[in-house]
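A.B. asks: Residue numbers (the numbering used here): 1207 to 1407.
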């Protein structure tokens, strides 16, 4: 194990104390397979890395905070909007979730599909604008946005199971807070972050 991976796993343990399942998922999923080839040597440094056209693979410790805040348990159906490299989808699957991802950039989505399939993951990656997709008959226990929003979109709330919630970084381009939105209420988490803006077209 590289020193960078050891340090990042230590940070994951610090930001999600007591969540052994999450720490084990980070150990299992080979992050280096999800980054661009030119960034493989930096794959385990605790920072976001570029993918394409302004999109990134998020900082591991920030991903850990988000996944810990999702309050996951095996069998939950989770939608990630802005699934990028597919790395979070792999982590979700390791945590026992049925993972579905939506990515608006076709070449990024296709690379994610190939990587996930090659590594034996079954996550469903769909290409397009999540707000314009036909979600008829589909419901999710959790909807995770992996890019910054100005506000939680109403359409995402319609996808929730009765006790489900949306988790998203909400704010301006410089600073956001993770917000948990249920059908009938919104909760602040006081977890602050910085994500790239959500791309909707």
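We put the beta carbon where it would ideally sit given N, CA and C, even for glycine.
Because the structure is a prediction, the values reported are computed rather than measured.
Answer yes if the stretch 1227 to 1247 comes into contact with the stretch 1292 to 1306, meaning at least three C-beta pairs across the two stretches below 8 Å, and no otherwise.
C.D. replies: yes
A.B. asks: Using CA coordinates, which residue listed in 1341, 1299 and 1307 is at the minimum distance from residue 1326?
C.D. replies: 1299
A.B. asks: Do residue 1287 and residue 1354 have their CB atoms nearer than 9 Å?
C.D. replies: no
A.B. asks: Closest to residue 1388 by CA distance: which of 1361, 1345 and 1366 is it?
C.D. replies: 1366
A.B. asks: Quick check: the stretch 1366 to 1384 against the stretch 1304 to 1311, are at least 3 beta-carbon pairs closer than 8 Å?
C.D. replies: Touching, no.
A.B. asks: Have a look at residue 1333 and residue 1315 and give me their C-alpha separation to the nearest angstrom.
C.D. replies: 6 Å
A.B. asks: Would residue 1231 and residue 1273 be called neighbours here (beta carbons separated by less than 9 Å)?
C.D. replies: The Cβ atoms of residue 1231 and residue 1273 lie closer than 9 Å to each other.
A.B. asks: Under a three-way DSSP split, which group does residue 1396 fall into?
C.D. replies: strand
A.B. asks: Apart from the five residues just before and just after residue 1261, which ones in its own chain have a Cβ nearer than 7 Å to its Cβ?
C.D. replies: 1290, 1311, 1314 and 1402
A.B. asks: According to the neighbour-count rule (16 or more other Cβ atoms, all chains shown, within 10 Å of its Cβ), is residue 1258 buried or exposed?
C.D. replies: exposed
A.B. asks: Ignore the nearest five residues each way along the sequence and tell me which others in residue 1264's own chain have a CB closer than 6 Å to its CB.
C.D. replies: 1254
A.B. asks: In the DSSP output, which residue or residues are listed as bridge partners for residue 1330?
C.D. replies: In the DSSP output, where bridge partners are listed per residue, residue 1330 has 1306.
A.B. asks: If you reduce the DSSP assignment to three classes, tell me which class residue 1371 lands in.
C.D. replies: Under the three-state reduction of DSSP output, residue 1371 falls in the strand class.
A.B. asks: According to DSSP, which residues form a beta bridge with residue 1286?
C.D. replies: 1307 and 1350
A.B. asks: Whose C-beta lies closer than 6 Å to the C-beta of residue 1398 among residues of the same chain, with five residues either side of it excluded?
C.D. replies: Hits under 6 Å: 1383.
A.B. asks: Just to confirm the assignment, what range does the beta strand (DSSP E) spanning residue 1323 have?
C.D. replies: Where residue 1323 is concerned, there is no enclosing beta strand (DSSP E), although the alpha helix (DSSP H) it sits in stretches over 1312 to 1324.
A.B. asks: Rounded to the nearest angstrom, what separates residue 1377 and residue 1268 at their Cα positions?
C.D. replies: 16 Å
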